[in-house]
């Protein structure tokens, strides 16, 4: 497999979160180090000690066999057995007229058996047989003599370094403790970053973010402090803009109201109705500007019935002369700012009713857990290469859609701001009705029971 394929395969399986990657950075080297230390211990220390123990045991067995061969009398056998028991911890017995077993008994790993077999073969000239598995605490060694079999039972620690598992156990305990401390430390650092990310995401959606005390590493605290300062500056700017627009609204509405009164009190004249229409359009434009600049204005989240909201918007479309239909599950609810989201839906439906004769509103849950709200019409639509242009404030796209005299080019811009303020977005496309298709897609946390 090519190297770049391996690289992509590994990248796809690496953790994507900071918590997972930090844990991998700590855990993987520790596990590799533990494996290397364990391998080095068994390769260099345990095998060497086992080999020396096996050689010592093989030497004692060879001494017992040679001593018996020099004098096979019962008295000498008893003397050899007594000396081996006292000095070498060996139990020696003679089996007259016996022969070595045909069955081989070897351990699962075979390392101890190979080491002991090599040591016995280098010390004994006679055939031999041994068993390291039948007795957990002993090793059974048998040597073929001319008149029988000399059997030697030795403690297992005479042939094998039996304390190796203690070292491995302590190594594992130390590793677990080290990893536990590392995990707690990493979790504390990552929690500070996650808290900052959650606050930034909530602020980006227009939600109220309570001021929190930055904690964690110095760099994380600096980033959190910078975010809080930025949030304060942005909020101050928004408050100043809202206050300014409220003042501008009042200043603009006052002369408009005065003009309306003058027209109402003036004698009838030819241009009166046209002037009233111009005043209505100016007032509508002011309302559009204020709605765009005011945004969501800190409105609280509430549970909204999606089909009920779409049915109300469809009624508005019918009053405008369009044929409107609604397709949505009756139990589909969402968590949103009611006024802001209804304004976004009304903007989309108003655009659809202005540019087409048929409007279709639909909503459905998404497999990811979120939901999608779609507004379609049978109008002229918008070319694919102008979709992004349509979201620009004050963009009219008169060459693509019939000019809407009451519009100021803020409908889609306001709708996208509202959708993004709820963590989603608006996607434009071609409807099977022949016109524009505007899809609002929201994440799973906007679904409500």
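Numbering (my numbering), first residue to last: 3 to 451. Note that CB positions come from ideal geometry on N, CA and C, so glycine has one too. Remember, it's a predicted structure, so these values are computed and weren't measured experimentally.
Buried or exposed: where does residue i fall if 16 or more other Cβ atoms within 10 Å of its Cβ makes it buried?
i           : result
residue 92  : buried
residue 179 : exposed
residue 349 : buried
residue 50  : exposed
residue 424 : buried
residue 213 : exposed
residue 130 : buried
residue 413 : buried
residue 48  : buried
residue 236 : exposed
residue 55  : buried
residue 271 : exposed
residue 416 : buried
residue 162 : buried
residue 418 : buried
residue 115 : buried
What does a CB cutoff of less than 7 Å around residue i pick up in its chain, not counting 5 residues either side in sequence?
i          : result
residue 61 : 125
residue 36 : 173, 177
residue 82 : 66, 69, 70, 94
residue 57 : 121
May I ask you to report which of helix, strand or coil DSSP gives residue i?
i           : result
residue 277 : helix
residue 34  : helix
residue 44  : helix
residue 345 : helix
residue 378 : strand
residue 360 : strand
residue 147 : strand
residue 142 : strand
residue 154 : strand
residue 216 : coil
residue 384 : coil
residue 136 : coil
residue 435 : coil
residue 223 : helix
residue 10  : helix
residue 257 : helix
residue 430 : strand
residue 336 : strand
residue 173 : helix
Please report the residue range of the beta strand (DSSP E) in which residue i lies.
i           : result
residue 439 : 438 to 444
residue 328 : 325 to 329
residue 63  : That residue, residue 63, is in no beta strand (DSSP E); its alpha helix (DSSP H) goes 49 to 72.
residue 162 : Run containing residue 162: none; DSSP gives neither H nor E here.
residue 128 : Looking at the DSSP string, residue 128 is not in any beta strand (DSSP E), and its letter there is neither H nor E.
residue 75  : Taken as a continuous stretch (DSSP letters only), residue 75 belongs to no beta strand (DSSP E), as it is neither H nor E.
Between which two residues does the alpha helix (DSSP H) harbouring residue i extend?
i           : result
residue 94  : From DSSP, residue 94 is part of no alpha helix (DSSP H) but of the beta strand (DSSP E) over 93 to 98.
residue 423 : 413 to 423
residue 18  : Looking at the DSSP string, residue 18 is not in any alpha helix (DSSP H), and its letter there is neither H nor E.
residue 311 : 308 to 321
residue 392 : 389 to 392
Please look up how many angstroms separate the CB atoms of residue i and residue j, rounded, as I've assumed it's under 8 Å.
i           : j           : result
residue 1   : residue 379 : Given a span of 3 to 451 for the chain in the structure shown, any question on residue 1 remains unanswerable.
residue 32  : residue 246 : Residue 32 to residue 246, Cβ: 59 Å. No contact.
residue 100 : residue 151 : 4 Å
residue 136 : residue 102 : No, residue 136 and residue 102 are not in contact; Cβ-Cβ is about 15 Å, not under 8 Å.
residue 192 : residue 21  : 5 Å
residue 384 : residue 444 : Actually they are not in contact, since the Cβ atoms of residue 384 and residue 444 sit about 22 Å apart, beyond 8 Å.
Suppose the cutoff is 8 Å on Cβ atoms and the five residues either side in sequence are ignored; what does the same chain contact list for residue i look like?
i           : result
residue 38  : none
residue 316 : 326, 327, 328, 351, 361, 363
Note down, in chain order, each residue of its chain lying with its Cβ closer than 6 Å to the Cβ of residue i, except the 5 sequence neighbours on either side.
i           : result
residue 433 : 378, 439
residue 362 : 327, 378
residue 154 : 63, 92, 94, 143
residue 450 : 305, 335, 336, 337
residue 325 : 360
residue 217 : 194
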